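**Q** The structure that follows is given in the form of structure tokens.
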Amino acid sequence: MNPTRTYATGLLTALLAWGCTSSTPVNKRDNFAYLYGKGGSQLALDARVHHTAPERSRVYYKLSTRDLLYKSDGTGGPFHARVRISYESYNAYGSKVLLDSASTMIDDEAADPSEDKELIGSMDLRRKEQRSFILKVMAHDLNRDQSSTVFIRVEKGSAGLRQYFMPVDTAKGLPLFTDHFDGRTVRVRCEICAGQELSGAHYATNTALPVPVFSSSYANAPPTPAAAADSTFRVQVDADGLFTMDLSKPGVYHVKPDSSATAGFSLFSVNDAFPYVSDAQDMLKPMRYITSNQEYERISKAPNMRHAIERFWIDAAGDRERAREAIRIYFSRVENANRHFTSEVEGWRTDRGLVHIIFGTPNSIFKNDDSETWIFGEENNLMSLTFNFKKRKGPFSDNDLVLDRDPMLKGAWYRNVESWRNGRVYQN
């Protein structure tokens, strides 16, 4: 099949984890650190699954032409990018049993290879067995010999209801690869909802921050998502399975076909810069992890907040050059956390975001359907740091993992925080 070629937009954020590698088999004890930036390349792949009926699904993918290598035949004629898109399905992370696979080739022609556009396409996803499984989607730039991989959990039953919904652009009906938007009106497709009236609710934004990785008071009672809706509404789906949502109020918008159930689909209204750090307010909030109460209060009330933030980093680092490097790395981690760990809150506010910002990208990440283990250092080395995250099931997101806090991590936490406060970039 031929993908659609469109101009790139400014903000399309993938909540799916993406990474790059030459070979990424799903086998026992596979190291998934590349998904969050360890050893990755510059080929960004977005993907999402959409169920059009209980027995029919499609996997959509998106690439940016700026990441691809276009070659001519040497005669000055048109340039071509050649990409193989493929998928493999397994019954679980770590499984060696291949359930299904398929692939397609993209041959994209361009007169100007520097033109920045999106390549969006789709493939039929065969679902012979009505059960949940892990889908591994891969893109391979054949001209550059560079690959990228996305993993998606394809759910069945009520857990998979959200995959019947897909945001689409208003112009051409093409899929959007994020559920987070900047307060605009969003169009959504849900074929099985055609002609129905959906019940909806709005939940206020959760502004709570995760506590340090060693806090025992948090271990047994992590903060839950917004407990009660602050307003309700109804949405009419047209005969083609399309409806629109006004996301002008920040927070979570949750719609569902069955008003008595909790399963449904959520859209998130966030600031217009997300996932990027664009202004002083965006910079200040994640700095709460490394500032004292007094420092944070002083910066927040400063007449020129950006200048106060810069002064904090310069005082910490000792000179402007080191401060600039510390700022670059710290807020790059904030943005990376937003790309990979966002759930019903921004990624930097989550437990994984907290660990990623303070400690960096782990040497090893091991995954299964319900948990992740991050290891900084060598596996089975007593000097290494290990963080265990468990999935917290909820109606809004399937990307919410909670850290098993450990008092033994207290020393490592304070060492890393102190390193940041001294302007030293700390990567275990």
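Letter by letter, the sequence shown follows residues 92 to 519 of this note's numbering. Quick reminder that beta carbons are idealized off the backbone N, C-alpha and C, glycines included. Predicted, not measured: the structure shown is a model, and the values here were computed from it.
(1) Let me know if residue 108 comes out buried or exposed under the rule of 16 or more other beta-carbons within 10 Å of its beta-carbon.
(2) If you count every other CB in all the chains shown that lies within 10 Å of the CB of residue 270, and 16 or more means buried, which is it?
(3) Determine the DSSP secondary structure at residue 233, reduced to helix, strand or coil.
(4) With 16 other CB atoms within 10 Å as the buried threshold, where does residue 502 fall?
(5) Which word fits residue 366, buried or exposed, when buried means at least 16 other C-beta atoms lie within 10 angstroms of its C-beta?
(6) Would you report the Cα separation of residue 304 and residue 329, rounded to the nearest angstrom?
(7) Could you name the residues of the same chain whose beta carbon sits closer than 8 Å to that of residue 462, not counting the 5 residues immediately before and after it, in chain order?
(8) Can you list the beta strand (DSSP E) stretches of 3 or more residues lying completely in the region 193-232, in chain order?
(9) Secondary structure at residue 403, three-state DSSP: helix, strand or coil?
(10) May I ask you to report which of helix, strand or coil DSSP gives residue 388?
(11) Using the beta-carbon count (16 or more within 10 Å), is residue 257 buried or exposed?
(12) DSSP three-state call for residue 381: helix, strand or coil?
(13) What did DSSP end up calling residue 485 once you bin it into helix, strand or coil?
(14) From residue 510 to residue 322, what distance separates their C-alpha atoms?
(15) Mapping the DSSP letters down to three states, classify residue 421 as helix, strand or coil.
(16) Span of the beta strand (DSSP E) holding residue 372?
(17) Determine the closest residue to residue 230 out of 291, 255, 242, with distance taken between C-alpha atoms.
(18) Can you tell me whether residue 496 is helix, strand or coil according to DSSP?
(19) Would you kindly work out how many angstroms separate the C-alpha atoms of residue 476 and residue 412, rounded to a whole number?
(20) Using the Cβ count rule (16 or more neighbours within 10 Å means buried), how would you classify residue 436?
(21) Kindly indicate if chain D contains any beta-carbon less than 8 Å away from that of residue 323.
(22) Distance, Cα to Cα, residue 452 vs residue 327?
(23) Would you say the region 331-342 touches the region 402-421, given that touching needs at least three Cβ pairs under 8 Å?
(24) According to DSSP, what are the bridge partners of residue 238?
(25) Where does residue 409 land, buried or exposed, given buried means 16+ other C-beta within 10 angstroms?
(26) How far does the alpha helix (DSSP H) with residue 439 in it extend, from its first residue to its last?
(27) Got a sec? Which residues, its chain only, sit under 6 Å from residue 292 by beta carbon, not counting five neighbours each side?
(28) Residue 414 and residue 512: beta carbons closer than 8 Å?
(29) I'd like the list of long-range same chain contacts for residue 222, defined as Cβ closer than 8 Å, with 5 residues on each side in sequence excluded.
(30) So for residue 502, helix, strand or coil by DSSP?
(31) Using 10 angstroms around the beta-carbon of residue 188, count the other beta-carbons present and answer buried if the total reaches 16, otherwise exposed.
(32) Once DSSP output is grouped into helix, strand and coil, what is the label at residue 292?
(33) For residue 172, does the count of other Cβ atoms within 10 angstroms reach 16, so buried, or fall short, so exposed?
(34) Roughly how many angstroms separate the alpha carbons of residue 464 and residue 505, rounded to a whole number?
(35) Which whole-angstrom value describes the C-beta separation of residue 176 and residue 163, a residue pair presumed to lie in contact below a C-beta threshold of 8 Å?
(36) Do you know offhand how far residue 161's Cα is from residue 215's?
**A** Taking the structure as given:
(1) Reading the sequence shown from its first residue, position 17 is the one you call residue 108. Because the pLDDT at residue 108 is just 33, under 50, the model does not fix this residue reliably, and the point stays unresolved.
(2) Numbered from its first residue, the sequence shown carries residue 270 at position 179. It counts as buried.
(3) Mapped onto the sequence shown, residue 233 falls at position 142. Here residue 233 sits in coil by DSSP.
(4) For the purposes of this step, residue 502 is taken as residue 411 along the sequence shown, with counting starting at 1. By the 10 Å Cβ count, residue 502 comes out exposed.
(5) In the sequence shown, the residue the question calls residue 366 occupies position 275. Under this definition residue 366 is a buried residue.
(6) For the purposes of this step, residue 304 is identified with residue 213 of the sequence shown, where counting begins at 1. For the purposes of this step, residue 329 is identified with residue 238 of the sequence shown, where counting begins at 1. Whole-angstrom Cα-Cα distance: 47 Å.
(7) Stepping through the sequence shown from its first residue, residue 462 is reached at position 371. Here the set comprises 479, 480, 481, 482, 492.
(8) 208-216, 224-232
(9) Position 312 of the sequence shown holds residue 403. Residue 403: helix per DSSP, three-state reduction.
(10) Numbered from its first residue, the sequence shown carries residue 388 at position 297. Here residue 388 sits in helix by DSSP.
(11) As a position in the sequence shown, residue 257 is number 166, starting the count at 1. Residue 257 comes out buried.
(12) Here residue 381 is taken as the residue at index 290 of the sequence shown, counted from 1. Looking at residue 381 - three-state DSSP - the assignment turns out to be coil, as it is neither helix nor strand.
(13) On the sequence shown, position 394 is the one that residue 485 refers to. Residue 485 falls in the coil class under three-state DSSP.
(14) The residue you call residue 510 lines up with position 419 of the sequence shown. The residue you call residue 322 lines up with position 231 of the sequence shown. Cα to Cα, the separation comes out at about 44 Å.
(15) If you number the sequence shown from 1, residue 421 lands on position 330. Helix, per DSSP.
(16) Sequence index remark: in the sequence shown, residue 372 carries index 281 (1-based). Per DSSP, residue 372 belongs to no beta strand (DSSP E); it is in the alpha helix (DSSP H), 371-375.
(17) Mapped onto the sequence shown, residue 230 falls at position 139. Nearest option by C-alpha distance: 242.
(18) By 1-based counting over the sequence shown, the position of residue 496 is 405. The answer is coil: DSSP assigns residue 496 none of H, G, I, E or B.
(19) By one-based count along the sequence shown, residue 476 stands at place 385. By one-based count along the sequence shown, residue 412 stands at place 321. Residue 476 and residue 412: Cα-Cα distance of roughly 30 Å.
(20) In the sequence shown, counting from the first residue as 1, residue 436 sits at position 345. The residue in question, residue 436, is buried, as its Cβ has 16 or more Cβ neighbours within 10 Å.
(21) Note that chain D does not occur in the displayed structure, where there is just one protein chain.
(22) Within the sequence shown, residue 452 is the residue found at index 361, counting from 1. Within the sequence shown, residue 327 is the residue found at index 236, counting from 1. Spanning the two alpha carbons is a distance of roughly 44 Å.
(23) no
(24) Here the question's residue 238 lines up with position 147 in the sequence shown. 231, per the DSSP bridge assignment.
(25) Here residue 409 refers to the residue found at position 318 of the sequence shown. Residue 409 should be labelled exposed.
(26) For this step, residue 439 is matched to residue 348 along the sequence shown. Where residue 439 is concerned, there is no enclosing alpha helix (DSSP H), given that its DSSP letter is neither H nor E.
(27) Against the sequence shown, residue 292 aligns to sequence position 201. If we look at residue 292 and ignore the five residues flanking it on each side, its Cβ neighbours are 320, 323, 345.
(28) As a first step, residue 414 is located in the sequence shown; it is residue number 323 there, counting from the start. As a first step, residue 512 is located in the sequence shown; it is residue number 421 there, counting from the start. No, they are not a contact pair.
(29) On the sequence shown, residue 222 is found 131 positions in, with the first residue counted as 1. The answer, listed in chain order, is 182, 247.
(30) The count along the sequence shown starts at 1 and reaches residue 502 at position 411. Helix.
(31) Mapped onto the sequence shown, residue 188 falls at position 97. Exposed, by the Cβ-count rule.
(32) For the purposes of this step, residue 292 is taken as the residue at position 201 of the sequence shown. The answer is strand: DSSP assigns residue 292 an E or B state.
(33) As a working note, residue 172 is residue 81 in the sequence shown. Under this definition residue 172 is a buried residue.
(34) Residue numbering aside, residue 464 sits at position 373 when the sequence shown is read from its first letter. Residue numbering aside, residue 505 sits at position 414 when the sequence shown is read from its first letter. Rounded to the nearest angstrom, the two C-alpha atoms are 21 Å apart.
(35) If you number the sequence shown from 1, residue 176 lands on position 85. If you number the sequence shown from 1, residue 163 lands on position 72. Between residue 163 and residue 176 the Cβ distance is about 23 Å, and since that is not below 8 Å, they are no contact.
(36) In the sequence shown, the residue the question calls residue 161 occupies position 70. In the sequence shown, the residue the question calls residue 215 occupies position 124. Each residue's alpha carbon lies about 27 Å from the other.
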